[in-house]
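Engineer: Our numbering puts the first residue of the sequence shown at 17, with every later residue one more than the last.
C-beta: ideal position from N, C-alpha, C; glycine also.
This is the structure I have questions about; it appears just below.
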Amino acid sequence: MPPCTLTLEETPEWPDALIRALGLARHIAVLTGAGVSAESGIPTFRDAHTGMWARHDPMKLASPEGFENDPETVWQWYQWRRRLIAENRPNAGHRALARLQQLVPELTLVTQNVDGFHQLAGSGPVLELHGNIHRNICSITGRTIEADWIERHGHHRPPPSPHHPRGQARPDVVWFGEALDASILDAAFRAAADCDLMLIVGTAGAVQPAASLPVIAREHGARLIEINPERSELTTLADWHLAGPGTGWLPALVDKLAATR
Ligand code: BJW
Numbered sequence: 017m018p019p020c021t022l023t024l025e026e027t028p029e030w031p032d033a034l035i036r037a038l039g040l041a042r043h044i045a046v047l048t049g050a051g052v053s054a055e056s057g058i059p060t061f062r063d064a065h066t067g068m069w070a071r072h073d074p075m076k077l078a079s080p081e082g083f084e085n086d087p088e089t090v091w092q093w094y095q096w097r098r099r100l101i102a103e104n105r106p107n108a109g110h111r112a113l114a115r116l117q118q119l120v121p122e123l124t125l126v127t128q129n130v131d132g133f134h135q136l137a138g139s140g141p142v143l144e145l146h147g148n149i150h151r152n153i154c155s156i157t158g159r160t161i162e163a164d165w166i167e168r169h170g171h172h173r174p175p176p177s178p179h180h181p182r183g184q185a186r187p188d189v190v191w192f193g194e195a196l197d198a199s200i201l202d203a204a205f206r207a208a209a210d211c212d213l214m215l216i217v218g219t220a221g222a223v224q225p226a227a228s229l230p231v232i233a234r235e236h237g238a239r240l241i242e243i244n245p246e247r248s249e250l251t252t253l254a255d256w257h258l259a260g261p262g263t264g265w266l267p268a269l270v271d272k273l274a275a276t277r
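See the structure below:
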């Protein structure tokens, strides 16, 4: 069955089944992607024109081979993104998800984003599938490199690693072809299998294994709500597609859920 699509243009007519699913939910799992931070001024990856991959080749910037071939370019791209994140703030969508955590018995927030905005908005533990851009690790040993080491060794090229003579500092994020942290991924899979409702917000659903989480939730009987201005690779799985931006839909959805409690 195709999902029921609702738009924000008019005051939405909330379907009874959706209100019931909000009212009954005991464990909500949330999967977020770049779209949830788009209205904070952080470009997404795959949006035509505005997405970062519209201008940059992902394999040159977000793969171990890309870093090996041209560490300076990769480092500078991440430094640019770090500055952009530092100059911007979480938005009403991030804040609504932090509030949602207070309203339901259990909430598992899983994000593909590396910007730390969910935590900044007040969300509790966050399962960061693709790491965190604010941390650095040694390119050879994977050991953490403290911020003051980076400060002391300059910003224009990746500083040498204190942990290995041939190592360099690199962001603690997961690039294509790299394994996700096993305990984080395991916790995300368990939440997907256990939840009764999953919210999928601002992801194209193009990257594995993150895109499997809604499939697992669905297979285990959860209802799925997708929030995205566009259709994604996950839309056909969803029960409801709330077509529009996260800043519009998330506060409205959380208000609606609060009214059922
Ligand atoms: C809005 C909005 C608004 C706009 N409001 N919405 C199985 C099948 C095929 C391939 C694979 C497979 N398994 C693994 C692979 C390979 C690969 C992969 O998936 N490739 C595909 C592209 C084909 N996966 C991997 O390599 C992963 N590793 C792995 O599986 O390892 C296996 C292994 C095991 C053991 C040993 C070794 C290896 C790793 C994937 C890492 C992804 N990394 C990146 C970069 C992270 C660091 C960084 O940020 O720089 O993660 S790539 C990039 O894509 C980033 C994102 O987190 C991720 C997902 O993107 P997202 O969030 O969906 O963003 P967009 O831009 O795509 O979509 C935005 C959406 O928002 C759009 O839909 C908009 O409409 C919407 N939107 N405004 C709400 N206001």
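Can you grab the Cα-Cα spacing for the pair ALA301 / LEU143, in whole Å?
Structural biologist: Coverage of the chain is limited to positions 17 through 277, which leaves residue 301 absent and any answer about it impossible.
Engineer: Given a cut-off of 8 Å on the beta-carbon distance, is the pair GLY132 and GLY262 in contact?
Structural biologist: Contact: no.
Engineer: Work out the CA separation of ASP210 and ILE216 for me, nearest whole Å.
Structural biologist: For ILE216 and ASP210, the distance between alpha carbons rounds to 16 Å.
Engineer: For ILE200, which residues in the same chain have their Cβ closer than 8 Å to its Cβ, ignoring the five residues on either side in sequence?
Structural biologist: Taken in chain order, the residues that qualify are LEU143, GLU144, LEU145.
Engineer: Can you give the beta carbon distance from ILE44 to LEU116, rounded, assuming they're within the 8 Å contact cut?
Structural biologist: That belief holds up - the Cβ atoms of ILE44 and LEU116 are roughly 7 Å apart, short of 8 Å.
Engineer: Is GLN184 helix, strand or coil by DSSP?
Structural biologist: Correct three-state label for GLN184: strand.
Engineer: Starting from the Cα of PRO267, find the closest Cα among ARG111, LEU258, PHE83 and give me that residue.
Structural biologist: Among ARG111, LEU258, PHE83, the Cα nearest to that of PRO267 belongs to ARG111.
Engineer: Kindly indicate which residue of ASN85, GLU235, SER53, GLU29 has the alpha-carbon position closest to the one of GLU103.
Structural biologist: Nearest option by C-alpha distance: SER53.
Engineer: Is it right to say MET17 is buried, meaning 16 or more other beta carbons lie within 10 angstroms of its own, or is it exposed?
Structural biologist: By the neighbour-count rule (16 or more Cβ atoms within 10 Å), MET17 is not buried but exposed.
Engineer: Mind checking whether the beta-carbon of PHE205 lies closer than 7 Å to any heavy atom of ligand 1?
Structural biologist: False, no ligand heavy atom lies under 7 Å from that Cβ.
Engineer: Assuming GLU81 is part of the alpha helix (DSSP H), what are its boundary residues?
Structural biologist: Per DSSP, GLU81 belongs to the alpha helix (DSSP H) from 80–85.
Engineer: Tell me, to the nearest whole angstrom, how far the beta carbon of ALA37 is from that of VAL120; I am working on the premise that it is less than 8 Å.
Structural biologist: The Cβ separation is near 12 Å, so there is no contact.
Engineer: I'd like to confirm something about GLN184: is its beta-carbon nearer than 7 Å to some heavy atom of ligand 1, or not?
Structural biologist: Because no heavy atom of ligand 1 lies under 7 Å away, the Cβ of GLN184 does not count as near it: no.
Engineer: Looking at ALA195 and ligand 1, is the gap between the Cβ and the nearest heavy atom below 7 Å?
Structural biologist: The answer is yes for ALA195.
Engineer: Return helix, strand or coil for ILE35, following the three-state DSSP convention.
Structural biologist: If DSSP states are grouped into helix, strand and coil, ILE35 belongs with the helices.
Engineer: For the alpha helix (DSSP H) that HIS110 lies in, which residues bound it at each end?
Structural biologist: Its alpha helix (DSSP H) spans residues 108–119.
Engineer: Starting from VAL142 and walking both ways along the beta strand (DSSP E), at which residues does that stretch end?
Structural biologist: Element bounds for VAL142: 142–144.
Engineer: Enumerated in chain order, which unbroken segments of the alpha helix (DSSP H) with a length of 4 residues or greater are wholly contained in the segment 174–238?
Structural biologist: DSSP runs (the alpha helix (DSSP H)) wholly in the segment 174–238: 198–210, 229–235.
Engineer: I need the straight-line Cα distance from GLU235 to PRO106, nearest angstrom please.
Structural biologist: Roughly 32 Å separates the two Cα atoms.
Engineer: Which of the three DSSP states is assigned to THR263 in this structure?
Structural biologist: Residue state, collapsed to three classes: helix.
Engineer: In the DSSP assignment, the beta strand (DSSP E) including LEU123 goes from what residue to what residue?
Structural biologist: Run containing LEU123: 122–127, per the beta strand (DSSP E) assignment.
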